[in-house]
Amino acid sequence: MRLFTLAVIMFFIAPASAADLESRIAPLAKDHKGKVAVAVKHLKTGEEFYLNADEAMPTASLIKLPIMVETYWQAKEEKVKLDVKLTLAKDDKVGGSGILTSHFTDGATFPLKDAVRLMIVFSDNTATNMVLDQIGIPSTNTRMEKLGFKNTKIHAKVFKGSTTSIDKARTDKYGLGSTTAKEMVQLLELIEAGKVASPEACKEMLGHLKACDDKEKMTRFLPAGTVVAHKTGSVNASKTDAGIVYLKSGPVALCVLTDGNDDKRWVPDNAAQVLIAKIAKEVYEHYGEKKEEKK
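Counting from 1, position 130 in the sequence shown corresponds to residue 791 in my numbering; the numbering is continuous, with no gaps.
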């Protein structure tokens with residue numbers, strides 16, 4: 662009887678809690694001048710919130726997270742070696758985010774594992790293409806489909822869509838890659854649970870994500886010291902971020918995708934970046950961190 666009563670209480674509490682999260686996030690998304698998709702899941706309690714979360718949207722550099730997953734999985738399957746030495750050639754270098762093109766000399770060598778870390782921590786585009794040279798472009802899509810993530814796809818090398826696209830129609834529509842907010846949260850949940858490739862691989866991948874140097878989106882308004890394992894993406898009309906926020910109540914997976922944004926400025930206070938930051942702050946406060954700190 663006691664267990665039944667507890668179950669009834671929890672049944673009524675959970676929807677109210679989810680409704681509170683909706684009241685915090687939905688108005689922010691509604692006021693934004695652009696398309697917004699949000700997925701939130703507390704990985705300990707199972708509480709969820711979704712807004713347009715099944716709609717396929719552009720990833721920008723967020724697609725580098727699934728590329729990392731596929732690389733570690735291929736290493737487990739002994740298709741690639743994480744310690745294989747890669748050599749940076751002049752033709753490898755592309756523009757945009759990263760440090761290899763601007764700061765590394767042609768002929769520099771480093772292991773595949775370091776290229777993966779550069780791809781995640783600094784969103785290095787050159788490193789990403791070098792990783793794709795090792796694992797192939799289609800393999801990430803095949804892996805994601807096996808995991809049930811049919812919308813999560815990489816379409817071409819970075820800044821080489823015209824010559825390397827494996828799906829011109831999707832390249833034209835989504836750019837570098839596509840996904841849904843829910844699929845990203847589900848992938849993060851698998852990584853946090855140690856169910857991608859191996860527990861050791863998941864630990865390394867989370868280490869890369871925790872070192873992400875983009876502080877203009879999800880982590881922007883969070884208190885100093887908050888641990889977040891995340892990957893971001895930015896192109897003119899799309900800003901994205903997906904990660905795990907580690908709170909006292911447990912880890913929370915969050916993904917915010919935006920597209921068709923009116924504000925296309927490359928400035929810190931870009932409206933979509935601020936929106937992502939505000940949503941992360943609401944998630945943080947919803948789960949009681951602010952109240953607990955004041956006690």
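Glycine included, C-beta positions come from ideal geometry on N, C-alpha and C. Keep in mind that this is a model prediction, so the values were computed, not measured.
| What residue ranges within the stretch 781 to 840 form continuous alpha helix (DSSP H) runs of no fewer than 4 residues, ordered along the chain? | 786 to 796, 799 to 807, 822 to 825 and 829 to 835
| said: Mapping the DSSP letters down to three states, classify L883 as helix, strand or coil. | reply: Your numbering for residue 883 matches position 222 in the sequence shown. It is coil, neither helix nor strand.
| Roughly how many angstroms lie between the CA atoms of T901 and A938, to the nearest whole one? | Position 240 of the sequence shown, counted from the start, is the residue given in the question as residue 901. Position 277 of the sequence shown, counted from the start, is the residue given in the question as residue 938. The straight-line gap from Cα to Cα measures roughly 11 angstroms.
| query | Do the stretch 930 to 948 and the stretch 875 to 883 meet, that is, are 3 or more Cβ pairs less than 8 angstroms apart? | reply | yes
| task | Return yes when the Cβ of P719 is within less than 9 angstroms of the Cβ of Y835, no when it is not. | result | Against the sequence shown, residue 835 aligns to sequence position 174. Against the sequence shown, residue 719 aligns to sequence position 58. In this structure, P719 lies closer than 9 angstroms to Y835 by Cβ.
| query | Could you check where the beta strand (DSSP E) with K702 kicks off and where it finishes? | reply | Counted from its first residue, the sequence shown places residue 702 at position 41. Note, K702: beta strand (DSSP E), K696 to H703.
| message | For P912, count the other beta carbons within 10 Å of its own beta carbon; 16 or more makes it buried, fewer makes it exposed. Which is it? | response | Along the sequence shown, read from residue 1 onward, the residue named residue 912 stands at position 251. Looking at its Cβ environment, which holds 16 or more other Cβ atoms inside 10 Å, P912 is buried.
| Whose C-beta lies closer than 6 angstroms to the C-beta of A957 among residues of the same chain, with five residues either side of it excluded? | This structure gives no information on residue 957, because the portion of the chain shown stretches from 662 to 956.
| query | Any contact of the stretch 845 to 855 with the stretch 692 to 704, i.e. 3+ C-beta pairs under 8 angstroms? | reply | yes
| request: Please classify V906: does DSSP put it in a helix, a strand, or coil? | output: For this step, residue 906 is matched to residue 245 along the sequence shown. V906 falls in the strand class under three-state DSSP.
| query | What is the rounded straight-line gap between the Cα of L870 and the Cα of V944? | reply | In the sequence shown, counting from the first residue as 1, residue 870 sits at position 209. In the sequence shown, counting from the first residue as 1, residue 944 sits at position 283. Whole-angstrom Cα-Cα distance: 19 angstroms.
| task | Compare the beta carbon distance of T762 and K754 with 9 angstroms and say whether it is the shorter of the two. | result | Within the sequence shown, residue 762 is the residue found at index 101, counting from 1. Within the sequence shown, residue 754 is the residue found at index 93, counting from 1. Yes, they are a contact pair.
| field | Exposed unless 16 or more other CB atoms sit within 10 angstroms - verdict on T789 | value | Here residue 789 corresponds to residue number 128 of the sequence shown, with the count starting at 1. Buried, since its Cβ has 16 or more Cβ neighbours within 10 Å.
| query | From L807 to E850, what distance separates their C-alpha atoms? | reply | Locating residue 807 in the sequence shown gives position 146, counting from the first residue. Locating residue 850 in the sequence shown gives position 189, counting from the first residue. Per the sequence shown, the amino acid found at residue 807 is Lys instead of Leu. Near 16 angstroms, if we compare the C-alpha coordinates of E850 and K807.
| Within 9 angstroms, strictly: CB atoms of K696 and T841 | Residue 696 sits at position 35 when you count from the first residue of the sequence shown. Residue 841 sits at position 180 when you count from the first residue of the sequence shown. No, these two residues do not count as a Cβ contact at 9 angstroms.
| request: Can you tell me which of the three DSSP states E709 falls into? | output: For the purposes of this step, residue 709 is identified with residue 48 of the sequence shown, where counting begins at 1. E709 falls in the strand class under three-state DSSP.
| field | Contact the stretch 820 to 835 vs the stretch 682 to 693: 3+ CB pairs below 8 angstroms | value | no
| field | Close Cβ partners of L793 (< 6 angstroms) along its chain, the five nearest in sequence each way excluded | value | Numbered from 1 along the sequence shown, position 132 holds the residue referred to as residue 793. K818.
| request: Hey, could you find the ends of the alpha helix (DSSP H) P727 is sitting in? | output: Looking up residue 727 in the sequence shown gives position 66. P727 -> alpha helix (DSSP H) spans K725 to K737.
| message | Are the CB atoms of R881 and V935 within a distance shorter than 9 angstroms? | response | The residue you call residue 935 lines up with position 274 of the sequence shown. The residue you call residue 881 lines up with position 220 of the sequence shown. Cβ atoms of V935 and R881: closer than 9 angstroms.
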